[in-house]
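Position one of the sequence shown corresponds to residue 1 (the UniProt record's numbering), numbered consecutively onward.
Think of the CB as a built atom: it goes at the ideal place given N, C-alpha and C, for glycine as much as any other residue.
Worksheet: one structure, shown below.
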Amino acid sequence: MSQVRELLNELQQLWLAAGAPVQDLAPGASATQLDDAEASLGFRLSHEVRDWFTWSNGYLRPTSPPPSGRGWFSWPNMFDAISVQDMIRDYQTRQQEAEADRNTHLEPYPEYEPAWISFTRPSKYRLIADCTAARENREAPSGLHYIDDMEPEDWHRVAVPSISELLQTWLRLTQQNAIWFNSDRQEWDCRYDATAHGYAWAATVLPEADPMLPRI
């Protein structure tokens with residue numbers, strides 16, 4: 001079993017024990033679905049990305065926006081699971097917009113890189129996985145870029161060098177009770193450190209996202 005799948009399985013057990021609605025996550029995509037996705041995208045996905053999508057393929061009952069508090073990734077609705085199908089549609093839309101920019105002699109936003117895919121559901125804040133290295137070597141990790149629509153100048157900065165490292169961070173945060181599932185409100189919650197200028201989730205969920213936020 002890959003490191004990504006091992007970490008996801010550990011996280012899922014913690015989520016189940018916390019009473020989080022794991023049942024809302026859809027079963028993983030098949031290898032055939034991912035092969036078809038690569039054909040549609042025109043490039044290979046890294047093993048890390050494939051392992052992620054074979055674990056879960058978005059939500060069973062997709063809505064827009066997702067149900068309140070069902071964001072899985074450390075803070076309610078901050079980062080939400082995306083399906084393979086929606087990932088492809090988002091990629092194709094972004095490429096079409098980039099082509100339109102080029103045709104009108106506009107510089108495309110830096111998000112429009114040939115092998116970047118949405119790793120979480122598109123919103124004001126999201127994660128983009130870089131599969132450039134997978135073209136030569138599927139084993140190469142996929143670095144994650146933190147996308148804030150208000151700060152496009154930072155999009156090329158790698159927030160986390162691999163999916164495995166991100167999952168290790170989420171696992172540690174959960175084990176340390178820095179983030180937890182609030183059963184009364186039925187949503188994720190996180191520790192707030194007023195002396196460190198922000199929520200504890202940000203410094204380690206995205207270690208390089210903001211140097212002003214605390215390290216746990």
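How big is the Cα-Cα spacing for L171 and R102?
Numbered from 1 along the sequence shown, position 171 holds the residue referred to as residue 171. Numbered from 1 along the sequence shown, position 102 holds the residue referred to as residue 102. Spanning the two alpha carbons is a distance of roughly 42 Å.
inquiry  = Taking 9 Å as the threshold (C-beta atoms), are S83 and G42 in contact?
reply    = The residue labelled residue 42 in the question sits at position 42 within the sequence shown. The residue labelled residue 83 in the question sits at position 83 within the sequence shown. In this structure, G42 keeps its C-beta atom at 9 Å or more from the C-beta atom of S83.
Inspect the beta-carbon positions of I179 and A129 and report whether they are closer than 9 Å.
Here residue 179 refers to the residue found at position 179 of the sequence shown. Here residue 129 refers to the residue found at position 129 of the sequence shown. Cβ distance not < 9 Å, so I179 and A129 don't count as in contact.
If you follow the alpha helix (DSSP H) that L167 is in, where does it begin and where does it stop? For the purposes of this step, residue 167 is taken as residue 167 along the sequence shown, with counting starting at 1. From DSSP, the alpha helix (DSSP H) with L167 extends over 163–175.
For this session: Over the uninterrupted beta strand (DSSP E) stretch that includes residue 220, give me the two end residues.
Result: Because the chain here runs from 1 to 216, residue 220 falls outside it and cannot be looked at.
query = A26 to F53, Cα distance in whole Å?
reply = Start at 1 with the first residue of the sequence shown, and residue 26 comes out as number 26. Start at 1 with the first residue of the sequence shown, and residue 53 comes out as number 53. About 10 Å.
### Query
From which residue to which residue does the alpha helix (DSSP H) around F53 run?
In the sequence shown, counting from the first residue as 1, residue 53 sits at position 53. F53 -> alpha helix (DSSP H) spans 47–55.
- Message: So, under 8 Å CB-CB, P122 and D90 are touching, yes? Tell me the CB distance rounded to an integer number of Å.
- Response: For the purposes of this step, residue 122 is taken as residue 122 along the sequence shown, with counting starting at 1. For the purposes of this step, residue 90 is taken as residue 90 along the sequence shown, with counting starting at 1. Right, their Cβ atoms sit about 5 Å apart.
Taking A133 as the reference, which of L144, Q176, E165, S40 has the closest Cα?
As a first step, residue 133 is located in the sequence shown; it is residue number 133 there, counting from the start. Residue L144 is the option with its Cα nearest to A133.
DSSP state of N182 mapped onto helix, strand, coil = Position 182 of the sequence shown, counting from 1, holds the residue named residue 182. The DSSP-derived three-state label of N182 is strand.
| Would you report the Cα separation of A39 and T32, rounded to the nearest angstrom? | The residue given as residue 39 occupies position 39 in the sequence shown. The residue given as residue 32 occupies position 32 in the sequence shown. Their backbone Cα atoms lie some 11 Å apart in a straight line.
- Just the Cα atoms here: how many angstroms apart are E6 and W116? Position 6 of the sequence shown, counted from the first residue, corresponds to residue 6. Position 116 of the sequence shown, counted from the first residue, corresponds to residue 116. Cα to Cα, E6 sits roughly 24 Å from W116.
Quick check: what's the CA-CA separation for S2 versus D51? For the purposes of this step, residue 2 is identified with residue 2 of the sequence shown, where counting begins at 1. For the purposes of this step, residue 51 is identified with residue 51 of the sequence shown, where counting begins at 1. So the two alpha carbons sit approximately 8 Å from each other.
#### Entry: Collapsed DSSP secondary structure at A133 in the structure displayed
Taking the sequence shown and counting its residues from 1, the one referred to as residue 133 is at position 133. When DSSP states are grouped into helix, strand and coil, A133 belongs to the helix group.
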